[in-house]
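Each residue of the sequence shown is one higher than the last, beginning at 84 in my numbering.
Below is one structure; the comments refer to it alone.
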Amino acid sequence: LNLSGTQGGLVVVVADDPGGISSTNEEDSRIFAKIGDLPLLEPATFQEAKDMTRWAFSLSEDLGLPVMIRSVTRVSHARGNVRLDALPRPQTKARFDISRPRLAFPPLPSHKALHQKLERAGTLVATSPYNSYRGPEKPELLLVTSGSGWMYSLEAVMNLGALDRVGLLKLSTTWPLPAALVLKHLKQAETILFVEEVDPFLENNVKELFAQHCMDVGLKRFCGKADGTMPSAGEISPEIVTSALQGLLKISYRPRPEEYAKRAHEAAAELVPARALGFCAGCPHRATYWAVKTALALDGREGIVLGDIGCYSLGMSPSGFSQMKTVHAMGSGAGLAGGFGQLERFGLSQPVLAVCGDSTFYHAAMPALVNARYNGSSFLLLLLDNSATAMTGFQPHPGTGRTATGKEAPVLDLKLICESLGAKVQVADPFDLAATREAMLKFLEDREGVKVLILKRECALVRSKKQKKLFQVEVNQERCLGETCGCNRLCTRVFKCPGLYWDRATGKAGIDEAICTGCGVCAEICPASAIRKEVA
Numbered sequence: 084l085n086l087s088g089t090q091g092g093l094v095v096v097v098a099d100d101p102g103g104i105s106s107t108n109e110e111d112s113r114i115f116a117k118i119g120d121l122p123l124l125e126p127a128t129f130q131e132a133k134d135m136t137r138w139a140f141s142l143s144e145d146l147g148l149p150v151m152i153r154s155v156t157r158v159s160h161a162r163g164n165v166r167l168d169a170l171p172r173p174q175t176k177a178r179f180d181i182s183r184p185r186l187a188f189p190p191l192p193s194h195k196a197l198h199q200k201l202e203r204a205g206t207l208v209a210t211s212p213y214n215s216y217r218g219p220e221k222p223e224l225l226l227v228t229s230g231s232g233w234m235y236s237l238e239a240v241m242n243l244g245a246l247d248r249v250g251l252l253k254l255s256t257t258w259p260l261p262a263a264l265v266l267k268h269l270k271q272a273e274t275i276l277f278v279e280e281v282d283p284f285l286e287n288n289v290k291e292l293f294a295q296h297c298m299d300v301g302l303k304r305f306c307g308k309a310d311g312t313m314p315s316a317g318e319i320s321p322e323i324v325t326s327a328l329q330g331l332l333k334i335s336y337r338p339r340p341e342e343y344a345k346r347a348h349e350a351a352a353e354l355v356p357a358r359a360l361g362f363c364a365g366c367p368h369r370a371t372y373w374a375v376k377t378a379l380a381l382d383g384r385e386g387i388v389l390g391d392i393g394c395y396s397l398g399m400s401p402s403g404f405s406q407m408k409t410v411h412a413m414g415s416g417a418g419l420a421g422g423f424g425q426l427e428r429f430g431l432s433q434p435v436l437a438v439c440g441d442s443t444f445y446h447a448a449m450p451a452l453v454n455a456r457y458n459g460s461s462f463l464l465l466l467l468d469n470s471a472t473a474m475t476g477f478q479p480h481p482g483t484g485r486t487a488t489g490k491e492a493p494v495l496d497l498k499l500i501c502e503s504l505g506a507k508v509q510v511a512d513p514f515d516l517a518a519t520r521e522a523m524l525k526f527l528e529d530r531e532g533v534k535v536l537i538l539k540r541e542c543a544l545v546r547s548k549k550q551k552k553l554f555q556v557e558v559n560q561e562r563c564l565g566e567t568c569g570c571n572r573l574c575t576r577v578f579k580c581p582g583l584y585w586d587r588a589t590g591k592a593g594i595d596e597a598i599c600t601g602c603g604v605c606a607e608i609c610p611a612s613a614i615r616k617e618v619a
């Protein structure tokens, strides 16, 4: 698209996750804008996120290029009152001009035109109101920042009382850089500190600009990720920026007594129990992984479970009984299984299983299934159909019967799709642990071709909105073995459903009625049959 160009506005929004708070990595996507010669904008606040999106569309239409907006977790999750303007009304109708095909061929003229567009983008961003400077005319230290780093930096400088010593250069157009603005402020300070998340993208680009103009700008001391002044991984914070500034400015500052954090942590630990990430109460995925755990134990060949991104990623955690051994991009579980499933001729005797959700299947797993079938791979795909894209906010998908605008849509049947690809398919209810386990064992014994076990059960959060419990569940206190349970509190310690709790006063398990969704699976796993369920 960068070479062929665009007619209408096209804005690509990417939300990076510094620290990997809810991701398997903390990738910095900004480099793709530079590789593709695309304008890159970085909002620092929720208001800028809205305002710069509108400006990004104007830039895109003006340049005939996609424009990239890079947010990060803290900006994306920020809340506040956002000032809205009148929505622009489209002045044109959708039409493809067939007299001007959007082709990047031959590539050489298109590449030259792209460079010209980027040069023009540099002219446009030079006057952007979203770039700003705050501080003395000739600061002792120039702090160059972008995105979330702006608020952290401002807070740190204010806490240190150093507004008269530090200049804050906030860059919201980070590619191409507003060269004249950057050079103007580089000339005024001897020491430059870069504050950004995650990679030294801004730092490296400013250094490149400096190298081209070093004779005019003069000798400078650059501090940031490259020299270790700022951490090279993870989120930044006001405390991290404060620490860096203290060292550079020789300021003594202690926001709180040294023992405060330790004592606060100890006090909180007494009130808030340590709690790992876990499935919701009544989540069908917990039942699925319990069945996987027991089926693989009965099979006895140390089966390999490969997964990817979704609620079911928790299969790698204690909540999923640590069954999942790989977690990569959406659809990668089935893709990896397609490769692992061809290693029998190299001596691999372990059965191969892949896990993916219904939304992931539609999005990215079908090509992997086609490839596995075509190349004669052998593995079992566990397709967890909870009729929802639960992890990211219940966006509709081809199996929900609704489009993103709420219109009715045809449901694309998972079973028919898998059968059309030549897979052996069976559907089971994960809440029926015995039937699910037996279906898994049957497929594990079958060492030929691609097998798909669709585990169909509605997401617990969707079901809870309907305020309907499947079962009324209770613990028979007389039958509960308590501490003498042969499995050492199997229900609360191992199964770990949030709807179960351990009553220290009685030494027995109990049901938290406020949390329990009435799935009844705990009644299936209790070795003493102390947990009873009745149809609600």
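C-beta atoms are modelled at their ideal positions from N, C-alpha and C, and glycine is treated no differently.
Which of the three DSSP states is assigned to residue i in this structure?
i: Phe554; result: strand
i: Leu251; result: strand
i: Phe462; result: strand
i: Leu269; result: helix
i: Asp299; result: helix
i: Gly565; result: helix
i: Ile323; result: helix
i: Arg699; result: Only positions 84 to 619 of the chain appear in this structure, which leaves residue 699 out of reach.
i: Thr475; result: coil
i: Thr483; result: coil
i: Arg358; result: coil
i: Thr257; result: strand
i: Leu331; result: helix
i: Arg615; result: strand
i: Cys306; result: strand
i: Ile598; result: coil
i: Leu148; result: coil
i: Leu167; result: coil
i: Leu86; result: coil
i: Cys609; result: coil
i: Asp111; result: coil
If I measure Cβ to Cβ from residue i and keep anything under 7 Å in the same chain, skipping five residues before and after, which residues do I get?
i: Leu544; result: Cys363, Ala473
i: Met413; result: Asp391, Ile392, Thr443, His446, Ala447
i: Val278; result: Leu226, Thr228, Gly232, Tyr235, Ser236, Met313, Ile319, Val324
i: Ser106; result: Asp100
i: Pro401; result: Ala359, Lys579
i: Asn559; result: Ala613, Arg615
i: Glu557; result: Ile594, Arg615
i: Phe526; result: Leu463, Lys534, Leu536
i: Trp585; result: Arg572, Thr575, Ala592
Which word fits residue i, buried or exposed, when buried means at least 16 other C-beta atoms lie within 10 angstroms of its C-beta?
i: Arg369; result: buried
i: His480; result: buried
i: Arg113; result: buried
i: Val355; result: exposed
i: Gln406; result: buried
i: Glu220; result: exposed
i: Phe554; result: buried
i: Thr627; result: Nothing can be reported for residue 627: it is not among the residues displayed for the chain, which extend from 84 to 619.
i: Met523; result: buried
i: Asp282; result: buried
At least one CB of chain D closer than 8 Å to the CB of residue i: is that the case?
i: Met298; result: Absent from the structure is chain D; it holds one protein chain and no more.
Return the chain-ordered list of same chain residues with a C-beta closer than 6 Å to the C-beta of residue i, the five sequence neighbours on each side being excluded.
i: Met449; result: none
i: Gly440; result: Gly393, Tyr395, Leu467
i: Gly95; result: According to the sequence displayed, residue 95 carries Val and not Gly. Pro149, Met151.
i: Cys501; result: Val508, Val535
i: Gly590; result: Gly565, Glu566
i: Ala420; result: Leu389, Val435, Ala437, Phe462
i: Ala187; result: Leu86, Ser87, Ser193
i: Met128; result: In the sequence as presented, Met is not what sits at residue 128; that position holds Thr. Around Thr128: no qualifying Cβ.
Quickly, what does DSSP pair residue i with across the bridge? List them, please.
i: Val30; result: Limits of the chain in this structure are 84 at one end and 619 at the other, which puts residue 30 out of reach.
i: Phe429; result: DSSP output for Phe429 lists no bridge partner at all.
i: Trp585; result: Ala592
i: Val155; result: Asp99
i: Ala437; result: Leu389, Leu464
i: Val278; result: Thr228
i: Val94; result: Val150
i: Leu124; result: Ile152, Thr256
If I measure Cβ to Cβ from residue i and keep anything under 8 Å in the same chain, skipping five residues before and after, which residues do I get?
i: Glu491; result: Gly484, Arg485
i: Leu499; result: none
i: Ser335; result: Gln329
i: Arg288; result: According to the sequence as given, residue 288 is Asn; it is not Arg. Result list for Asn288: Lys117, Thr257, Trp258, Leu260, in chain order.
How about residue i: is its Cβ closer than 7 Å to a heavy atom in the ligand ATP?
i: Ile608; result: No copy of the ligand ATP appears in this structure; indeed no ligand is present at all.
- Query: At which residue ranges does the segment 369-414 contain complete alpha helix (DSSP H) runs of 4 or more residues, listed in the order of the chain?
  - Reply: none
- alpha helix (DSSP H) segments (min. 4 residues) lying fully within the segment 488-549: 497-503, 516-528, 543-548
- Task: Starting from the N-terminal side, write out each stretch of the alpha helix (DSSP H) that is 4 residues or longer and does not extend beyond the segment 175-248.
- Result: 190-208, 232-243
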